[in-house]
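Take the working numbering: the last position of the sequence shown gets the number 930, and nothing is skipped along the way.
No residue lacks a Cβ here, since even glycine has one placed at the ideal position from N, Cα and C.
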Amino acid sequence: MSQAKMSWDEVRPWRKLERERLIAARVATVQEIRARWTRAIIETLEPILRESEGPISFYWPFRGEPDLRPLMRTLDGEGFTLALPVVVEPKTPLVFRPWRPGSKMELGVWNIPIPAAKEEVVPRLLLAPVVGFTPDFYRLGYGGGYFDRTLAKLGAGHAAIGIGFEMGRLETIHPQPHDIKMRQVVTEKGVVGARRRPGA
Numbered sequence: 731m732s733q734a735k736m737s738w739d740e741v742r743p744w745r746k747l748e749r750e751r752l753i754a755a756r757v758a759t760v761q762e763i764r765a766r767w768t769r770a771i772i773e774t775l776e777p778i779l780r781e782s783e784g785p786i787s788f789y790w791p792f793r794g795e796p797d798l799r800p801l802m803r804t805l806d807g808e809g810f811t812l813a814l815p816v817v818v819e820p821k822t823p824l825v826f827r828p829w830r831p832g833s834k835m836e837l838g839v840w841n842i843p844i845p846a847a848k849e850e851v852v853p854r855l856l857l858a859p860v861v862g863f864t865p866d867f868y869r870l871g872y873g874g875g876y877f878d879r880t881l882a883k884l885g886a887g888h889a890a891i892g893i894g895f896e897m898g899r900l901e902t903i904h905p906q907p908h909d910i911k912m913r914q915v916v917t918e919k920g921v922v923g924a925r926r927r928p929g930a
């Protein structure tokens with residue numbers, strides 16, 4: 731599709747097709763391969779998160795997304811405050827509920843498990859699973875706009891790191907005014923855009 735400026739009415743069906751294509755490719759990838767890629771993501775992500783101040787929002791893996799639950803358990807054991815996102819109503823910002831191993835869970839939107847306790851926390855850092863991403867840190871998600879609305883509401887001092895596989899790399903998502911960039915993206919190949927050491 732042309733890189734020329736496109737209207738939302740043109741972009742929306744294009745994103746829908748790209749989303750379907752990328753999800754199908756991810757789900758079709760052998761689980762052992764996704765697990766290996768996920769271990770590489772955790773290896774890169776863990777030291778980044780250790781420098782974070784304040785609560786960190788993770789996500790519960792869905793449709794072949796990188797499964798960061800081992801890292802969640804590790805950081806919880808070291809005293810980090812962790813949370814999971816919750817959809818309260820369509821077309822509204824997410825809220826975040828504290829999570830620890832053993833937390834009582836219930837099914838939320840799309841049958842994704844969420845903490846049952848109604849207590850809320852405001853994360854400083856959000857880990858956002860991506861269906862697709864661009865080198866300049868735009869995110870293709872599931873089309874609900876929840877992360878964009880949430881980041882817009884949280885404002886300065888809060889940031890998102892995209893988490894995904896290299897197979898989701900796109901040249902562009904044809905960004906629209908409502909799209910908000912992430913701080914960075916981490917894949918199995920490392921931090922997107924970071925220079926690799928010679929020989930690495």
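Would you mind reading off the limits of the beta strand (DSSP E) that contains residue i?
{"i": "Glu836", "result": "Met835 to Leu837"}
{"i": "Leu856", "result": "Leu855 to Pro859"}
With the cut-off set at 8 Å, would you say residue i and residue j are in Cβ contact?
{"i": "Pro796", "j": "Ile771", "result": "yes"}
{"i": "Glu748", "j": "Gly862", "result": "yes"}
{"i": "Val860", "j": "Val915", "result": "yes"}
{"i": "Thr917", "j": "Arg879", "result": "no"}
{"i": "Ala847", "j": "Lys834", "result": "yes"}
Along the alpha helix (DSSP H) that carries residue i, what are the first and last residues, could you check?
{"i": "Ile763", "result": "Gln761 to Arg780"}
{"i": "Thr804", "result": "Arg799 to Gly807"}
{"i": "Pro743", "result": "Trp738 to Ala758"}
Taking only the alpha-carbon atoms, compute the straight-line gap between residue i and residue j and give it to the nearest angstrom.
{"i": "Leu900", "j": "Arg745", "result": "11 Å"}
{"i": "Arg854", "j": "Leu805", "result": "15 Å"}
{"i": "Ala858", "j": "Tyr789", "result": "7 Å"}
{"i": "Thr759", "j": "Ala765", "result": "10 Å"}
{"i": "Pro843", "j": "Pro828", "result": "13 Å"}
{"i": "Glu850", "j": "His908", "result": "25 Å"}
{"i": "Ile910", "j": "Leu824", "result": "15 Å"}
{"i": "Pro815", "j": "Arg913", "result": "18 Å"}
{"i": "Asn841", "j": "Ala882", "result": "26 Å"}
{"i": "Glu875", "j": "Pro743", "result": "Per the sequence shown, residue 875 should be read as Gly rather than Glu. Between Gly875 and Pro743, the C-alpha separation is close to 15 Å."}
{"i": "Arg927", "j": "Lys919", "result": "Any reading at Arg927 must be qualified, since the residue scores a pLDDT of 42, below 50, and its modelled position is unreliable; no value is offered."}
{"i": "Glu808", "j": "Pro800", "result": "13 Å"}
{"i": "Met736", "j": "Gly784", "result": "38 Å"}
{"i": "Ile893", "j": "Leu837", "result": "22 Å"}
{"i": "Glu750", "j": "Ser782", "result": "33 Å"}
Just to confirm my understanding: we take residue i, look at its own chain, exclude 5 residues before and 5 after, and list those with CB closer than 7 Å. What are they?
{"i": "Phe810", "result": "Ile786"}
{"i": "Pro865", "result": "Val922 and Gly923"}
Going along the chain, which residues of its own chain have a beta-carbon closer than 8 Å to the beta-carbon of residue i, five neighbours each way excluded?
{"i": "Met897", "result": "Leu752, Ala755, Arg756 and Thr759"}
{"i": "Arg793", "result": "Ile753, Arg756 and Val757"}
Apart from the five residues just before and just after residue i, which ones in its own chain have a Cβ nearer than 6 Å to its Cβ?
{"i": "Leu884", "result": "none"}
{"i": "Thr768", "result": "Pro796 and Asp797"}
{"i": "Arg830", "result": "Asp806"}
| field | Cβ contact (3+ pairs, closer than 8 Å) linking the segment 904 to 912 and the segment 748 to 759 | value | no
| Just checking, does the segment 774 to 784 make contact with the segment 862 to 870 on the three C-beta pairs under 8 Å criterion? | no
| Does the segment 881 to 896 touch the segment 840 to 856, meaning 3 or more C-beta pairs lie closer than 8 Å? | yes
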